[in-house]
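J.: Below you will find the structure I want to go over with you.
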Amino acid sequence: MTKYTDQGKNDTRSGYGAAMTELGRNNPKVVALCADLVGSLKIQEFIDENPDRFFQVGIAEANMMGIAAGLTIGGYIPFTGTFANFSTGRVYDQIRQSIAYSGKNVKICASHAGITLGEDGATHQILEDIGLMKMLPGMTVINPCDYNQTKAATLAIADHEGPVYLRFGRPKVANFTPVDQKFEIGKALMLNEGSDVTIIATGHLVWQSLIAAENLESQGISAEVINIHTIKPLDEEAILKSVKKTGCVVTAEEHNYLGGLGESVARTLTTQHPTPQAFVATQDTFGESGTPEQLMDKYGLNNKAIEEAVLNVLKRKA
Numbered sequence: 002m003t004k005y006t007d008q009g010k011n012d013t014r015s016g017y018g019a020a021m022t023e024l025g026r027n028n029p030k031v032v033a034l035c036a037d038l039v040g041s042l043k044i045q046e047f048i049d050e051n052p053d054r055f056f057q058v059g060i061a062e063a064n065m066m067g068i069a070a071g072l073t074i075g076g077y078i079p080f081t082g083t084f085a086n087f088s089t090g091r092v093y094d095q096i097r098q099s100i101a102y103s104g105k106n107v108k109i110c111a112s113h114a115g116i117t118l119g120e121d122g123a124t125h126q127i128l129e130d131i132g133l134m135k136m137l138p139g140m141t142v143i144n145p146c147d148y149n150q151t152k153a154a155t156l157a158i159a160d161h162e163g164p165v166y167l168r169f170g171r172p173k174v175a176n177f178t179p180v181d182q183k184f185e186i187g188k189a190l191m192l193n194e195g196s197d198v199t200i201i202a203t204g205h206l207v208w209q210s211l212i213a214a215e216n217l218e219s220q221g222i223s224a225e226v227i228n229i230h231t232i233k234p235l236d237e238e239a240i241l242k243s244v245k246k247t248g249c250v251v252t253a254e255e256h257n258y259l260g261g262l263g264e265s266v267a268r269t270l271t272t273q274h275p276t277p278q279a280f281v282a283t284q285d286t287f288g289e290s291g292t293p294e295q296l297m298d299k300y301g302l303n304n305k306a307i308e309e310a311v312l313n314v315l316k317r318k319a
């Protein structure tokens, strides 16, 4: 069914680290800031090669955002790094005022996003960050699906003028996109063509959607799978083209159904082409401690949940 195969599991945060090493060698304007989480962000090689372009701010995330905003005035391209919870919720005022409102060229790079952060529990598992960031005027929001795409996205945002929120994760997941892919901000990727239902997924749920599509094919259901790596700006043209063909849609994300990708898709469809939609996401809840696999199963963020959502939404097709 699909040409995509698991090339070997890797964590998306390591894709970020690899890209930072490459940027350090090729772009002298790129600087890195970190809030005491160098190992978690996988940027030690960047630091070793560019010690004069790294700023360790300690556990002072609000100060990190202010410093990053200031560095842009001198022509630098700052990449801030910490956990997604601390990259957004803890510093929302600083991002809003000093970065978004001021239009500063800061790249807010957030690791350990979503429930797959795992054993650290609910206080660290932010499931609201996409909503927080996409509501800020001028903020670009990107949520890549695997190691290769995270690396490509990190390289791409260095050339993008304006504030960016880049979200990635902790666990090792399937790495299945091309190594040499060209990453286009705001451009959805068609992964599997289908005619009965559209599955629009982001982040870790993209691979699960491909598995779901393969399982559905064995039941005689043709599922179209679209990878939305950029949640803002949203590729509305790709979404509308697909749903006009299939007549129903399932959105899948590792985020609260309030404020995430699904809500952005729903707004697009409501205003331009009303279509039956089902949501695979967390249901307005905090997480808990557990392994990533246990939590994804418990909170219904896997291929089985996507398959069930497809079967339900198909019943609502006109």
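Residue numbering for the sequence shown follows our numbering, beginning at 2 and increasing consecutively.
Note that CB positions come from ideal geometry on N, CA and C, so glycine has one too.
Quick check: the Cα distance between residue 66 and residue 96, rounded to an integer number of angstroms?
T.: Roughly 7 Å separates the two Cα atoms.
J.: Counting C-beta neighbours from all protein chains within 10 Å, is the total for residue 272 16 or more, i.e. buried, or is it exposed?
T.: Exposed, by the Cβ-count rule.
J.: Please list, in chain order, all residues of the same chain as residue 82 whose beta carbon is under 6 Å from its beta carbon, the five residues on each side excluded.
T.: Taken in chain order, the residues that qualify are 35, 42 and 110.
J.: Going straight from the alpha carbon of residue 234 to that of residue 302, what length do you get?
T.: Roughly 24 Å separates the two Cα atoms.
J.: Using the rule of at least 16 other Cβ atoms within 10 Å of the residue's Cβ for burial, across every protein chain shown, is residue 61 buried or exposed?
T.: Its Cβ having fewer than 16 others within 10 Å, residue 61 is exposed.
J.: Which of the three DSSP states, helix, strand or coil, is assigned to residue 112?
T.: DSSP places residue 112 in strand when its eight states are reduced to three.
J.: Taking the beta strand (DSSP E) that residue 166 falls in, what are its first and last residues?
T.: Residues 165-168.
J.: Are there three or more Cβ pairs, one per stretch, closer than 8 Å when the segment 148-166 is compared with the segment 130-140?
T.: Contact between the segment 148-166 and the segment 130-140 is present, because at least three Cβ pairs lie under 8 Å.
J.: Taking a contact to mean a Cβ-Cβ separation below 9 Å, would you say residue 144 touches residue 232 in this structure?
T.: Contact: yes.
J.: Which residue comes first and which comes last in the alpha helix (DSSP H) that contains residue 357?
T.: Lying before the first or after the last residue shown, residue 357 is absent from the chain, which here runs from 2 to 319.
J.: If you reduce the DSSP assignment to three classes, tell me which class residue 246 lands in.
T.: Helix, per DSSP.
J.: The alpha helix (DSSP H) with residue 305 in it runs from where to where?
T.: Residues 304-315.
J.: Please say whether residue 278 and residue 311 have beta carbons closer to each other than 9 Å?
T.: It is not a contact, given that the beta carbons lie outside the stated cut-off.
J.: In terms of alpha-carbon separation, which member of 72, 76 and 150 lies closest to residue 19?
T.: Nearest option by C-alpha distance: 150.
J.: Could you tell me the distance, in whole angstroms, from the CA atom of residue 197 to the CA atom of residue 224?
T.: Near 6 Å, if we compare the C-alpha coordinates of residue 224 and residue 197.
J.: Skipping 5 residues on each side, what residues in its chain have a beta carbon closer than 6 Å to that of residue 297?
T.: Closer than 6 Å at the Cβ level, and outside the excluded window around residue 297, lie 303.
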